[in-house]
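K.L.:
Pasting a structure here, questions to come.
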Amino acid sequence: MLSLDPLSDVETNFTRRVVLEQTTRADDRTHREPRKLKIAYLSEPGSCIVSLGDTKVLAQCSAHICEPKPTRPNEGRLAIQFDVSPVAASLQDSRTMEYRVGIGRLLDRVIRDSECVDLENLCLVAGERAWEVRVDVVLMNLGGNVAECASIASVAALAHFKRPEVTIVGKEMTVHPVTEHEPVPLHIYHYPYCLSFAFFEVMDTEKQAEEDEKGDAPSQTETILVDPSFEEEACCDGILIVGVNSHEEVCALQQRGSVLTADQIELCIKLACSRAKLITDTIKRQLASKSGTDIDTIDPESDQKEEGSRSNK
1 MLSLDPLSDV
11 ETNFTRRVVL
21 EQTTRADDRT
31 HREPRKLKIA
41 YLSEPGSCIV
51 SLGDTKVLAQ
61 CSAHICEPKP
71 TRPNEGRLAI
81 QFDVSPVAAS
91 LQDSRTMEYR
101 VGIGRLLDRV
111 IRDSECVDLE
121 NLCLVAGERA
131 WEVRVDVVLM
141 NLGGNVAECA
151 SIASVAALAH
161 FKRPEVTIVG
171 KEMTVHPVTE
181 HEPVPLHIYH
191 YPYCLSFAFF
201 EVMDTEKQAE
211 EDEKGDAPSQ
221 TETILVDPSF
231 EEEACCDGIL
241 IVGVNSHEEV
251 CALQQRGSVL
261 TADQIELCIK
271 LACSRAKLIT
281 DTIKRQLASK
291 SGTDIDTIDP
301 ESDQKEEGSR
311 SNK
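Structure (structure tokens):
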């Protein structure tokens with residue numbers, strides 16, 4: 001079980017030294033190489049388990065009929081609830097509560113607020129009845145980059161979900177069991193994800209000697225890590241989360257820690273767009289296969305080669 005407690009000095013120094021002094025990370029990945037992604041659909045539509053390295057997330061969709069919002073009488077509703085399993089971290093820790101709230105708000109911004117789901121298609125009777133689709137996302141194991149894993153699980157579950165068919169005759173509404181009528185899939189406009197990058201500041205020693213003579217501030221460069229692990233997140237100098245879809249549309253940006261340049265942000269967006277396309281293709285291919293319980297895997301080596309070739313151009 002992993003907790004949200006900070007790393008010890010020994011763990012911090014080791015992780016930073018590996019990142020800044022070697023070309024590979026502690027888990028043998030290169031700086032631009034993500035961990036292996038696995039998506040397992042369960043037998044119930046709208047349920048899946050997504051693993052990103054040691055991080056594991058369960059997502060499950062459900063739907064019930066509610067009253068539309070007064071401000072949007074022609075639309076249904078989409079709600080995303082993020083929680084942390086006691087197996088993943090201690091719920092008594094106040095930082096865990098902040099973690100739950102922070103990830104939940106980020107999922108709302110990137111998935112719900114980006115309007116990736118056609119909410120008008122969920123309306124049954126304008127101003128009176130509509131479907132509310134709820135996505136329950138549970139962190140089962142904490143291994144770093146939870147936002148990315150949770151967003152992939154949420155989108156994969158929505159793409160897999162089907163709501164019951166409804167028949168309306170006059171003022172009578174009938175919700176048909178899935179055993180009698182074919183359920184209806186959601187209409188999804190795009191597939192957005194939260195893709196994370198960790199930054200480590202490294203001193204430019206060559207320029208520092210010159211600037212020491214001039215009395216200028218020391219020069220620093222940034223080492224960028226794709227898909228940071230728990231240890232890398234805990235001791236990095238900054239995190240950038242890019243909310244992006246496969247159409248290369250940026251839905252959100254969230255940054256904490258060190259200040260980034262425009263070029264660094266553009267590079268992260270470029271890498272995120274490439275990865276978003278790969279994840280979307282994997283989800284669509286797996287859904288089209290109708291395999292249900294098969295696990296499809298993204299090869300991190302091919303992903304890293306594609307991203308590396310683009311960034312070198």
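Going by UniProt numbering, 253 is the number at position 253 of the sequence shown; the sequence numbering is gapless.
Using N, Cα and C, we set each Cβ at its ideal position, and we do this for glycine too.
Applying the 10 Å Cβ sphere with the 16-neighbour rule, what's the burial state of S289?
P.N.:
Exposed, by the Cβ-count rule.
K.L.:
For a test of the three-state rule: what should DSSP assign to S114, helix, strand or coil?
P.N.:
Looking at S114 - three-state DSSP - the assignment turns out to be coil, as it is neither helix nor strand.
K.L.:
For T280, which residues from the same chain have a beta carbon less than 8 Å from its beta carbon, with the 5 sequence-adjacent residues on both sides left out?
P.N.:
Closer than 8 Å at the Cβ level, and outside the excluded window around T280, lie Y191, N245, S246.
K.L.:
On the three-state DSSP scale, how would you describe N141?
P.N.:
Note: N141 maps to strand in three-state DSSP.
K.L.:
Give me whichever residues DSSP pairs with D83 in a beta bridge.
P.N.:
DSSP lists V138 as partners of D83.
K.L.:
Assuming contact is defined by CB atoms lying nearer than 7 Å, are V137 and S154 in contact in what I supplied?
P.N.:
Yes. Within cutoff.
K.L.:
Within this structure, are the beta carbons of L52 and C149 separated by less than 7 Å?
P.N.:
Yes, they are a contact pair.
K.L.:
Report the rounded CA-to-CA distance for E172 versus L124, giving the unit in angstroms.
P.N.:
Taking the straight line from one Cα to the other gives about 12 Å.
K.L.:
Using the three-state DSSP reduction, which class does K270 fall into: helix, strand or coil?
P.N.:
DSSP places K270 in helix when its eight states are reduced to three.
K.L.:
Using a C-beta cutoff of 7 Å, does F161 count as contacting chain B?
P.N.:
Protein chains in the displayed structure number just one, and chain B is not present.
K.L.:
What residues match up with Q60 in a beta bridge as DSSP calls it?
P.N.:
Its beta-bridge partners are S47, D136.
K.L.:
Measuring CA to CA, which of E201, E266, A262 is closest to G238?
P.N.:
Looking at the Cα atoms, E201 is the closest of the given residues.
K.L.:
Please identify the residue among I39, T30, L122, S8 whose C-alpha is closest to the C-alpha of L287.
P.N.:
Minimum Cα distance to L287 is reached at I39.
K.L.:
In terms of alpha-carbon separation, which member of L142, Q254, K56, V19 lies closest to G102?
P.N.:
It is Q254 whose Cα lies nearest to the Cα of G102.
K.L.:
What are the start and end residues of each continuous alpha helix (DSSP H) run of 4 or more residues lying completely inside the region 141-192, in chain order?
P.N.:
DSSP runs (the alpha helix (DSSP H)) wholly in the region 141-192: 146-160.
K.L.:
R35 by DSSP, collapsed to three states: which one?
P.N.:
Of the three classes helix, strand and coil, the one that applies to R35 here is coil, per DSSP.
K.L.:
Output the boundary residues of the beta strand (DSSP E) element that contains A234.
P.N.:
Run containing A234: none in the beta strand (DSSP E); it sits in the alpha helix (DSSP H), 230-235.
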